[in-house]
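Residue numbers (my numbering), protein chains in the order written: chain C, 856 to 1104; chain L, 856 to 1104; chain A, 856 to 1104; chain H, 856 to 1104; chain R, 856 to 1104. Glycine residues also receive a C-beta, built at the ideal position from the N, C-alpha and C atoms. First up is the structure itself, then whatever we jot down about it.
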C-alpha cells in the first residue's frame, strides 16, 4: 500500500465534487469512480478522498493499494449563504470501510459554526482512538466572512483547525506566498494542504502549485485539475516534481 | 421465496401511497393490504414496499413468499413546500419484521436535506451491518428545485444517493431517454429503479416502461398503475416482458 | 382481571381530561381518581386510560382488577393552533406501572406531525417488544386541517395510525355512518374506537353510540358522558347493550 | 437525621434565590450557605432546597442532619416573558450528593411547557427508581397566563403536577382559602406546599401561613421570610405552631 | 509536576485567544505553543489553559511539568451579540490528554444561557467523577447585559458559577475593590480568579493585579500581558510577589 505521507509530503486525489457541485463537473470517463482509482494508483497519490457510499462500492481489491480518506459530511450546491453540513458517516464505519483518515468540512463564519466545531472535535477524539488521522476541510463562508481569501481569515481558519485537533487542514490558497507562510505557521503542528480548486490551464496551475510548496504546505488536495485533464498523469508528475517527490509516470 | 433481483432486474410493488397521499388513492378492494400481497405473489414481484405498521399486521404466513421492503420514513400530503420526513422506524425493527431491504425518502433541495442525508447515511451503515439492502426514494423538492424533472437535478439526485451508500435509488423519469442514460450513469454502482407514478392508460404506461428499460434502469417501483388497474396481472405481465423476464400470469 | 377485549369489543374509561382541559371538567366527586376506578370496575370497563402520575398513585390493590392504559404524552388547553405533544413517559415505565397498553396522541396536520409520527412509531416498536398494545389518539388539528370531522381527513387519520403500527386508533365520529364505515375500512387490521366527546343528554349520546357500533367500531373511549353523569352505571349498561355485551349493573 | 415529613407535614427551607433572582436577595450573613444550614438545623426544617453546586460544597458533616432537596433546573431573572428551564443536574448525581428529594420547576403556560413536562415526567420515573421524592415547583407563567394567581390556573397547575407524577407540588397561594381548598383537592395524592414568597412583615406573613394551613397544604417552602428576618427562629417557631408541630426554638 | 494551587493561590497561563480572537493576538514567537509552555514552566505557572487540539500536539514530555486545563468549548470573534458556545471536547478526552482541570465558558445573559448551564453542570458532575476540577469562564454578555462590569452582574455571575458546581470561576475585574470583595463573597466556596485581559503597560497591569489580590481573588488567568510582553518572566515575578509567592525567575 502507498502511504499517507511520502517524505513528509502528501498528495490527495479528491473526488467529493459529485456531492458538493453535482455531476456537472464530470464527463462519461471521470463519472466512473474506478477511473479515479486508476489515476490515483498510477499517479502514486497518497490518498483518495471519497464519500462513504463510493468507498463501499469501490474500495475493494486492487483499489486498496491507495489509502482512503472518507469524507464524513457533505453539502449540496443548493445551500451556500449560511452553510452547515452535518456528520452523516461515523468514524467507526469509515474504519470498517478501510479508511486511513477521515475528512470533515467546517464552514467557519457560518452562524452554524458551533455545530461543526462540536462535530469535528468529537471526530478528532474518535479518530485518535482508532489510530487514524482527522482532516479538516476548512472553508470560511457565511454571513461573517466578507472575503474567504483574506489572509487574516485564512490564518484564523488554520488556527481553529489546529485548536480543534486536526492532523491535516485543507485550505484555499490566496496567491500571496509570504502571507500564506504566516497561515501555515498559524496551523502549528497541524499540516496544511491547499485545495487545487477549479480547472485552469496546466501552466497556470503548476505556477500556483510552486507557490503552495514555497508557502510551506505539505501537499495538496487536487481533483478537477487532474481528473478533468486529458493528461492527468503528466500533470501529476509535474506536481510531484514541485514537491520533490520521485516519479516515473 | 422470490428474490429481490431476478436476472439483475427488480420489480417492486409499492404501497406507501396511503401514507403519502391518503386513502383517496384506494377503493374497497385495494384498501385491503391483503389484496396488494395477493397481487405481488401472483405477479411474481420482487418485493412489496410498505410502512412498518402494515408489515406488522400482514407480513405473515404465505405473504412471506414475496420479499419485503420496509419504508422507514413517510410524509403526509399536508407538507410539500419545504418537505422533511424523519426516520420513524429503526432498521433493527424492519429486520425483525422480515425485511430484505429498507427504504427512506430524501427530499433533495429541501432546506432540511442535511437532516435526511444524515439519517439515510446511518441507515445505509446499519443495513450493511444486518446484510440487507438500502433503497433511497430520492425526490428533488423544495425551495432550491425549480423543476424536479430537470436532467441535471435528476443526475445530481442519482449521484447523491450513490455517494450516501444507497444500493438502489428510486427516481422519477423525465421522458428523455438519452438524458436518463446519463442519470443512470451518475448513479454508478447504485442500481436505478424508476417510479411508476400516477395512473395513466396501459398503453401510455407501457410506452414509458419501455423507455425506462432503454435508459438502463434495473426495474421499477410501481403501485397505482398496477393495483388501480382492473387488469393488474396483465399489465404486470407486460412490464415483465419489457424487462425480459419470464411470465405466465 | 377484566380483559382489554370482551368478544372483540373494548370499552375504555378515559380520564386524561385533567391534563388536556384542566380541572374545570371535574366536580368534588369525580376529581377523585378513586371514583373513576370504582366506576371502571363496577361498570366492567375493559380499561382505564390515565397519565403515569395518576397510575403511580392509584393503580394498586383492587384497582388492578381493571386493565390500565397509560397515556405517554399530553397537552394542555393552552396550545391548540399548531399543536405538538412530546412523549414524556417511557413504555418501560408504563409496563412497570402495570399497563396493558400505552396511548399516545398524534395531531395530524400539525406542522410538528413528523415529530409525533417518529415518537409513536418507536412506541409501537417498544410496545410490541413488551407484549402490550399501542393505542393512537389520532386527532387531526393544525394549519393543514380545515375540518377535523371531514371524512377524507378521518380516513387519512385512520390509515396513518394503521401504517405506523397502532393496534387501536381512537377517532372522532362525524355522524355519517356510511362514511365512517369507509374510515373503519381504512384502518385495516387496526381496531377503531370512537371518542365519547363532551357531555350531551343520555338519549342523544346513546343514539350516537348506536351509530358508532353500526359503523364497525370495536368500542369507544368514553369519559365525560359517564363520569359527569349522575347515573354512570345506567349509561354504561346502555352502552354495553349497544355493543352486545353482558351487563347486570 | 430529621425527616422529610413530620406527622404528615413538611417545612422546607428554600435557598435557590441566588440562582433565580441574583445575590441582591442576600446580605453578608445569609450569602453564606452555612448560615442557611445552621438555621435549617436549629429550626428543625424538614429539608433544605439547593442547587447541586451548593450541595456539593456544603452538604457534609453536621449539615447532613437536615434532609436535602436538590433543584435540578434553574433560571436567571433575565428571561421571564416565555420562560424555559432545562434540567442541568441528573437525578443520579443528586442521589450521590445525598438528596432525599429532587426539585424541578415547570413554567405552565410557557410555549416551552412540553419540554418541561417531558423532563419532569422522566425525573419522576428516575426518582421513583432511586426511592427518593420528586417535587414540582409549578409556576404558571408565559404568553398563555394572564393571572398566575387565578384559581383555575392554580387548580390546573396542581392537577398537571399530579398527572406527571409529582410527590409534592409547590404552588403560589392566592389568598382565597376556599378556592385554594379546591386547588389542593385537584392535586389528588400529590401533597401541596405553598411558596413563602418575598419578605413581608412577620404578622402579615403568619396570617397568610394560617390561611395556607387552613387550605389543606401539608406545609410550605419558605426562604426570604425566614433567612432575611432578624428573628428567623422566632418566625420558624410560629410557622411550626400553625402546623401543629412541636418547637422549643 | 507543579501543582494547581500553591499556598491556596493559582496563576494560570491562558492561551485560548487563538480560538476566541484569531491569530491577530500573536507574533512569530508566541504563535508557537511551545513558547507558551516554556514560559509556563520557567514562570512556575500553576496551569496552562488550552484547547484539546493544542494539548494533543504539545502536552508531552517536559511540557507535562506544568498542569493542564483543557477548554471544552470555544467561540470565534464572529458571534458576539447573543453568544453561545457548545461543549466540543468531552471531559473523558481531557482526562486522557492529561488534564488536571477542565474549563468551559458560560455567556450569562445570552438567550442561550440555559444550554450552557446544562452543559456546564454536567461537566461539573463528570469532573467530580474523574477527580479533576471544573473551571467556569463566566462572561456576562448578550441582550440582557447592559454593562458586563456592573457589580450586580458580576456578583450574579459568581453566584451562578458556584450554584452550578464550579471549583474555580474566572471573572472580569471592574476596578472597584470593595465591590469586588462582595463578588468574591457571592462565589462562596468557589474560588475566584480574575482575567488578565488585553495588554496594558506593566505598571498599570501590576496596579490592577494588586487590586485583584486585595479583593480576595485566589489568583488570575493571564495571557496577553505575559506572552505579548518582551519581559514575560519579569512580569510573572511581579505577579507572584503580589500574591506572596516565592520566585527567583
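| Asked | Found |
| --- | --- |
| Length of the line joining the Cα atoms of residue 1072 of chain A and residue 1024 of chain A | 10 angstroms |
| Interface residues of chain H facing residue 940 of chain A [CB-CB closer than 9 angstroms] | 969, 972 |
| Coil, strand or helix - residue 926 of chain L by DSSP | strand |
| Within chain R, partners of residue 823 of chain C - CB distance below 9 angstroms | In the structure displayed, chain C extends from 856 to 1104; residue 823 of chain C sits before or after that span and is not available. |
| C-beta neighbour in chain C for residue 963 of chain L, strict 9 angstroms | yes |
| Through-space distance from residue 1101 of chain H to residue 993 of chain H, alpha-carbon basis | 29 angstroms |
| For residue 1098 of chain H, the three-state DSSP class (helix, strand or coil) | coil |
| Spatial neighbours of residue 1032 of chain H in its chain, beta-carbon cut-off 8 angstroms, leaving aside the 5 residues before and after | 1066, 1069, 1070 |
| 9 angstroms Cβ cutoff met for residue 933 of chain R and residue 959 of chain R | no |
| Cβ shell of residue 1043 of chain C (< 7 angstroms), same chain only, five flanking positions each side left out | 1017 |
| Distance, residue 995 of chain C Cα to residue 1012 of chain C Cα | 7 angstroms |
| Buried or exposed (CB count within 10 angstroms, at least 16 for buried), residue 1030 of chain R | exposed |
| Assigned secondary structure, residue 881 of chain R (DSSP; H/G/I helix, E/B strand, else coil) | coil |
| Against chain R: residues of the stretch 929 to 957 of chain H by CB proximity under 9 angstroms | 929, 930, 931, 932, 933, 934, 939, 940, 941, 942, 943, 944, 945, 947, 948, 951 |
| Straight-line Cα distance separating residue 922 of chain L from residue 860 of chain L | 10 angstroms |
| Neighbourhood of residue 970 of chain L by C-beta, 7 angstroms cutoff - its chain only, sequence neighbours within 5 removed | 939 |
| Residue 908 of chain A versus residue 935 of chain C: straight-line alpha-carbon distance, rounded | 48 angstroms |
| Element boundaries [beta strand (DSSP E), containing residue 1023 of chain H] | 1023 to 1026 |
| Three-state secondary structure assigned by DSSP to residue 1062 of chain H | helix |
| Min CB distance residue 906 of chain H to chain R below 9 angstroms | yes |
| Assigned exposure category for residue 947 of chain A - 16 Cβ within 10 Å defines buried | exposed |
| Where residue 886 of chain C meets chain L, residues with beta-carbon distance less than 7 angstroms | 1040, 1041 |
| Residue environment, residue 1058 of chain R, which counts as buried when at least 16 other CB atoms sit within 10 Å | exposed |
| Whole-number beta carbon distance between residue 980 of chain L and residue 945 of chain C, since they are thought to touch under 8 angstroms | 7 angstroms |
| Entirely enclosed alpha helix (DSSP H) segments - the stretch 924 to 968 of chain A, minimum 4 residues | 946 to 952 |
| Interface partners of residue 1021 of chain R on chain H, CB under 9 angstroms | 908 |
| Proximity of residue 1007 of chain H and residue 877 of chain A at Cβ, strictly below 9 angstroms | yes |
| Rounded separation between residue 1034 of chain R and residue 916 of chain H - CA only | 32 angstroms |
| 9 angstroms Cβ cutoff, residue 1025 of chain C in contact with chain R | no |
| Residue 906 of chain C - DSSP class collapsed to helix/strand/coil | strand |
| Beta-carbon proximity list for residue 942 of chain C, same chain, < 6 angstroms, skipping 5 on both sides | 927, 928, 974 |
| Members of the stretch 911 to 926 of chain A that neighbour chain H once the beta carbon cut-off is set at 7 angstroms | 911, 912 |
| Residue 980 of chain R: contacting residues in chain H (beta-carbon distance under 9 angstroms) | 907, 944, 945, 947, 948, 951 |
| For residue 1049 of chain A: DSSP bridge partner residues | A:1026, A:1075 |
| Three or more C-beta pairs below 8 angstroms linking the stretch 889 to 902 of chain L and the stretch 864 to 877 of chain L | yes |
| Continuous beta strand (DSSP E) assignments of at least 3 residues falling wholly in the stretch 972 to 1025 of chain R | 988 to 993 |
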